[in-house]
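Trainee: Next up is a structure, given as structure tokens.
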Amino acid sequence: ALGDKDYTSNLKLFDVPVSEIMASFAEPDVYPTATRLRLGGAVLGPRFRILNELLEYKDKQTDGPWLVYLPSPRSRAWALYRYHSNPLLGGHRGSPRAISAAKADGYWWPTISKDMNRWIKHCPNCQLGKWYEPFNPQPLVFRRGMTRFSALQLDFMGPMDSFVRANQPACPGNN
27 ALGDKDYTSN LKLFDVPVSE IMASFAEPDV YPTATRLRLG GAVLGPRFRI LNELLEYKDK
87 QTDGPWLVYL PSPRSRAWAL YRYHSNPLLG GHRGSPRAIS AAKADGYWWP TISKDMNRWI
147 KHCPNCQLGK WYEPFNPQPL VFRRGMTRFS ALQLDFMGPM DSFVRANQPA CPGNN
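Put into structure tokens, the structure is as follows:
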């Protein structure tokens, strides 16, 4: 995907076309914005590099390893499937585990967290296997086919008072 000039000119990474980032390796003076993004502060080292025709990214805040940038929706869908839905590698774990597994294997794109959360939220197997139900109280409605006052409901309260006389009516609270 990175070899296609039309595709990379329309694809933006941090609001800079990927084609300019790729070209800034050969001509840094021609593309100053892409060069600044690519270098990411020379003191910390470069943020992007090309290795074996792959664009790699390094997060300067965590100082982690170089991660392969996945540019196309197809490659991202592959990673989402691999680290969430794959029976051997994914196992329908939550998004933090899936994201960390993808990064541990060396894959990255700017919206990995948002995409992984959306993928897991709409996963049919995860929705069926949820262990809880959201609390949705039902509205108070009459039973179907019944009209008002067609059923009688009694509430019992206790303990009841004991009555001494047999001829006295059993009325709670009436001593």
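In my numbering, the protein residues as written are 27 to 201.
Even glycine gets a Cβ: it sits at the ideal position worked out from N, Cα and C.
Under the three-state reduction of DSSP, which class applies to VAL94: helix, strand or coil?
Mentor: In the structure shown, VAL94 sits in a strand (DSSP, three-state: E or B).
Trainee: Where do the N-terminal and C-terminal ends of the beta strand (DSSP E) with LEU106 fall, by residue?
Mentor: Careful: LEU106 lies outside any beta strand (DSSP E), inside the alpha helix (DSSP H) at 99 to 106.
Trainee: For ASP141 versus TRP135, is the C-beta distance shorter than 9 Å?
Mentor: Yes, they are a contact pair.
Trainee: Could you spell out where the alpha helix (DSSP H) holding ARG144 opens and where it closes?
Mentor: Note, ARG144: alpha helix (DSSP H), 138 to 147.
Trainee: Taking only three categories from DSSP, how would you classify LEU81?
Mentor: Note: LEU81 maps to strand in three-state DSSP.
Trainee: For MET48, count neighbouring Cβ atoms within 10 angstroms of its own Cβ and tell me buried if that reaches 16, exposed if not.
Mentor: Looking at its Cβ environment, which holds 16 or more other Cβ atoms inside 10 Å, MET48 is buried.
Trainee: Using DSSP with H/G/I as helix, E/B as strand and the rest coil, what is VAL42?
Mentor: DSSP places VAL42 in strand when its eight states are reduced to three.
Trainee: Between LYS31 and GLU46, what straight-line distance do the alpha-carbon atoms span, to the nearest angstrom?
Mentor: About 10 Å.
Trainee: Buried or exposed, going by whether 16 or more other CB atoms sit within 10 Å of the CB of VAL44?
Mentor: Buried.
Trainee: So what's ARG202 in DSSP terms, helix, strand or just coil?
Mentor: Here the chain has residues from 27 to 201 only, and residue 202 is not among them.
Trainee: Using three-state DSSP, classify ARG75 as helix, strand or coil.
Mentor: ARG75: strand per DSSP, three-state reduction.
Trainee: Alpha carbon to alpha carbon, how far is THR61 from LYS38?
Mentor: Approximately 14 Å, taken between the alpha carbons.
Trainee: Let me check understanding here. Comparing Cα to Cα, which of TRP92, ALA103, LEU28 and THR59 lies closest to GLU79?
Mentor: Looking at the Cα atoms, LEU28 is the closest of the given residues.
Trainee: Taking all protein chains shown into account, do 16 or more other C-beta atoms lie within 10 angstroms of the C-beta of ARG64, making it buried, or fewer, making it exposed?
Mentor: When all chains shown are included, ARG64 counts as buried.
Trainee: Can you give the beta carbon distance from ARG108 to GLY120, rounded, assuming they're within the 8 Å contact cut?
Mentor: About 16 Å separates the two Cβ atoms, so there is no contact after all.
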